[in-house]
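Student: In this note's numbering, the protein residues as written are 174 to 550.
Glycine residues also receive a C-beta, built at the ideal position from the N, C-alpha and C atoms.
These figures come from a predicted structure and were not determined experimentally.
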């Protein structure tokens with residue numbers, strides 16, 4: 174019997190993305206699956222129900238109808254209680270489940286006996302590149318962060334020479350040169366800003382400079398060893414952080430735009446800018462905090478708000494920046510899910526290999542237990 178794949182409307186506040194596009198629905202059907210989509214699933218990404226139906230998916234009138242008999246539930250964010258309660262025993266749930274913070278959802282999925290796969294835990298190996306949802310969404314977040322900064326900034330980004338005089342280029346400082354940071358650098362450069370960037374990973378220096386930005390960091394012995402085997406930043410010592418804070422304090426005085434992107438998996442976001450840093454910046458300057466949902470890199474940032482400080486600095490704390498460019502975010506994420514599901518489907522049936530490195534890394538709950546080592550300690 175063909176596997177039944179369901180996609181329900183996102184119910185988390187402010188979530189505009191969807192876990193499926195007509196393109197990926199058609200591909201999944203081509204693999205022998207049946208696809209059921211709850212009505213309204215794609216509206217936030219400008220995808221009407223009719224487009225899903227035209228691709229061969231069944232459009233269900235409501236949540237319970239969509240999930241009745243579903244073997245797999247695809248989500249952007251962690252499912253809500255009504256969705257989990259409607260799942261059949263042993264169903265597979267795949268999404269950006271954020272298990273470190275969405276503890277209630279993880280508990281409910283575990284108690285429901287679901288096999289839950291967190292796309293955040295897909296390993297960064299060559300074979301899994303097409304499934305790397307964190308990177309696909311971070312790319313768009315980095316781009317959108319610059320667009321938001323440009324919209325909030327009261328001046329132009331590029332240098333412009335006019336008969337009335339010259340407009341100086343904006344100075345943009347990108348803190349964190351991972352996927353989001355590198356895209357922010359590239360976008361700010363395309364808009365004509367003078368760009369500098371910093372990161373604690375030594376490999377980032379060459380990447381930053383290849384994009385035409387200047388690299389700013391305390392390059393001591395600790396800096397040279399500041400990267401995990403998986404390519405993520407390590408938690409730095411208090412001594413190193415103090416040195417970096419001092420360097421940042423001197424550099425930030427001259428900046429018009431600062432974009433912070435630092436995240437450490439499973440931990441609160443590191444504090445990069447203190448209130449004193451923000452107070453030292455020029456009136457009219459802009460900070461965009463991409464880590465605001467994880468506690469924030471910037472003291473004073475607030476999720477879902479733009480805070481204007483007494484000295485006239487705007488701190489932009491929009492949550493879910495990929496969701497502010499929803500059509501593209503949905504398209505990329507849906508392809509990530511299609512690639513991931515390809516590891517599980519054999520002749521239209523679910524047949525996941527329990528020894529597959531990618532599936533083992535992403536699996537967080539199964540058979541009524543939390544099975545991921547990073548969540549059981």
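Output needed for residue 248: all residues of its chain with C-beta closer than 6 Å, excluding positions within five of it in sequence on either side, in chain order.
Tutor: For the purposes of this step, residue 248 is taken as the residue at position 75 of the chain shown. The residues are 192 and 268.
Student: So which of 514, 541, 540 and 542 has the shortest CA-CA distance to residue 529?
Tutor: In the chain shown, residue 529 corresponds to position 356, counting from 1. Measuring from the Cα of residue 529, the nearest candidate turns out to be 514.
Student: Give me the Cβ distance between residue 348 and residue 340, rounded to the nearest whole Å; I'm assuming they're in contact under 8 Å.
Tutor: Residue mapping note: residue 348 aligns to position 175 of the chain shown, counting from 1. Residue mapping note: residue 340 aligns to position 167 of the chain shown, counting from 1. Contact doesn't hold; Cβ gap of about 25 Å is too wide.
Student: Let me know the beta strand (DSSP E) ranges lying completely inside the segment 290–352, each 3 residues or longer, listed in chain order.
Tutor: Those beta strand (DSSP E) runs which fall completely within the segment 290–352 and span 3+ residues are 333–335, 338–340 and 344–348.
Student: Just to confirm my understanding: we take residue 522, look at its own chain, exclude 5 residues before and 5 after, and list those with CB closer than 8 Å. What are they?
Tutor: Here residue 522 refers to the residue found at position 349 when the chain shown is read from its first residue. 174, 175, 176 and 205.
Student: If you compare alpha carbons, which of 221, 270, 259 and 233 is closest to residue 185?
Tutor: As a position in the chain shown, residue 185 is number 12, starting the count at 1. The residue with the shortest Cα to Cα distance from residue 185 is 270.
Student: Could you tell me the boundaries of the beta strand (DSSP E) in which residue 135 lies?
Tutor: Given that the chain is displayed from residue 174 to residue 550, the structure contains no residue 135 and the question cannot be resolved.
Student: Between residue 484 and the ligand PLP, is there a pair consisting of the residue's CB and a ligand heavy atom that are separated by less than 7 Å?
Tutor: The ligand PLP is absent from the structure shown, which contains no ligand whatsoever.
Student: Classify residue 298 as buried or exposed, calling it buried when 16 or more other Cβ atoms lie within 10 Å of its own Cβ.
Tutor: Along the chain shown, one-based indexing puts residue 298 at 125. So residue 298 ends up on the exposed side.
Student: Which residue marks the beginning of the beta strand (DSSP E) containing residue 203, and which one marks its end?
Tutor: As a working note, residue 203 is residue 30 in the chain shown. No beta strand (DSSP E) holds residue 203; the alpha helix (DSSP H) holding it covers 195–203.
Student: With DSSP as the reference, label residue 536 as helix, strand or coil.
Tutor: If you number the chain shown from 1, residue 536 lands on position 363. Looking at residue 536 - three-state DSSP - the assignment turns out to be strand.
Student: Roughly how many whole angstroms lie between the Cα atoms of residue 378 and residue 397?
Tutor: By 1-based counting over the chain shown, the position of residue 378 is 205. By 1-based counting over the chain shown, the position of residue 397 is 224. So the alpha carbons of these two residues sit roughly 11 Å apart.
Student: Work out the CA separation of residue 485 and residue 454 for me, nearest whole Å.
Tutor: By 1-based counting over the chain shown, the position of residue 454 is 281. By 1-based counting over the chain shown, the position of residue 485 is 312. Whole-angstrom Cα-Cα distance: 9 Å.
Student: What three-state label does DSSP hand residue 453 in the structure shown?
Tutor: Against the chain shown, residue 453 aligns to sequence position 280. Of the three classes helix, strand and coil, the one that applies to residue 453 here is helix, per DSSP.
Student: Considering residue 487, what are the terminal residues of the alpha helix (DSSP H) in which it resides?
Tutor: Indexing the chain shown from 1 puts residue 487 at position 314. Per DSSP, residue 487 belongs to no alpha helix (DSSP H); it is in the beta strand (DSSP E), 487–489.
Student: To the nearest angstrom, report how far apart residue 473 and residue 448 are at their CA atoms.
Tutor: On the chain shown, residue 473 is found 300 positions in, with the first residue counted as 1. On the chain shown, residue 448 is found 275 positions in, with the first residue counted as 1. Each residue's alpha carbon lies about 7 Å from the other.
Student: So, for residue 422: in the same chain, excluding its five sequence neighbours on each side, which residues have a beta-carbon less than 8 Å away from its beta-carbon?
Tutor: Within the chain shown, residue 422 is the residue found at index 249, counting from 1. Hits under 8 Å: 449, 450 and 453.
Student: If you compare alpha carbons, which of 329, 391, 543 and 307 is closest to residue 371?
Tutor: Here residue 371 corresponds to residue number 198 of the chain shown, with the count starting at 1. Ranking 329, 391, 543 and 307 by Cα distance to residue 371 puts 391 first.
Student: Could you have a look at residue 414 and say whether DSSP puts it in helix, strand or coil?
Tutor: The sequence position of residue 414 within the chain shown is 241, counting from 1. Of the three classes helix, strand and coil, the one that applies to residue 414 here is helix, per DSSP.
Student: From what residue to what residue does the alpha helix (DSSP H) around residue 505 run?
Tutor: Indexing the chain shown from 1 puts residue 505 at position 332. Note, residue 505: alpha helix (DSSP H), 499–514.
Student: Can you grab the Cα-Cα spacing for the pair residue 284 / residue 446, in whole Å?
Tutor: Translated into positions along the chain shown, residue 284 becomes position 111. Translated into positions along the chain shown, residue 446 becomes position 273. Between residue 284 and residue 446, the C-alpha separation is close to 40 Å.
Student: My output table needs one value for residue 475: the three-state DSSP class, helix, strand or coil.
Tutor: Numbered from 1 along the chain shown, position 302 holds the residue referred to as residue 475. Reduced to three states, the DSSP call for residue 475 is coil.
Student: What residue range is occupied by the uninterrupted beta strand (DSSP E) comprising residue 460?
Tutor: Counting from one through the chain shown, the residue named residue 460 turns up at place 287. Start and end: 459–462.
Student: Can you list, in chain order, the residues of its chain with a C-beta nearer than 8 Å to that of residue 532? Leave out the 5 residues immediately preceding and following it.
Tutor: In the chain shown, the residue the question calls residue 532 occupies position 359. Taken in chain order, the residues that qualify are 290, 516, 517, 525 and 526.
Student: Quick check on DSSP: helix, strand or coil for residue 218?
Tutor: The residue given as residue 218 occupies position 45 in the chain shown. It is helical.
Student: For the segment 246–265 and the segment 418–433, state whether three or more C-beta atom pairs, one from each stretch, are separated by less than 8 Å.
Tutor: Touching, no, given that fewer than three Cβ pairs across the two stretches are closer than 8 Å.
Student: So, using beta-carbon positions, are residue 433 and residue 463 closer together than 8 Å?
Tutor: Position 260 of the chain shown, counted from the first residue, corresponds to residue 433. Position 290 of the chain shown, counted from the first residue, corresponds to residue 463. For residue 433 and residue 463, yes; Cβs fall inside 8 Å.
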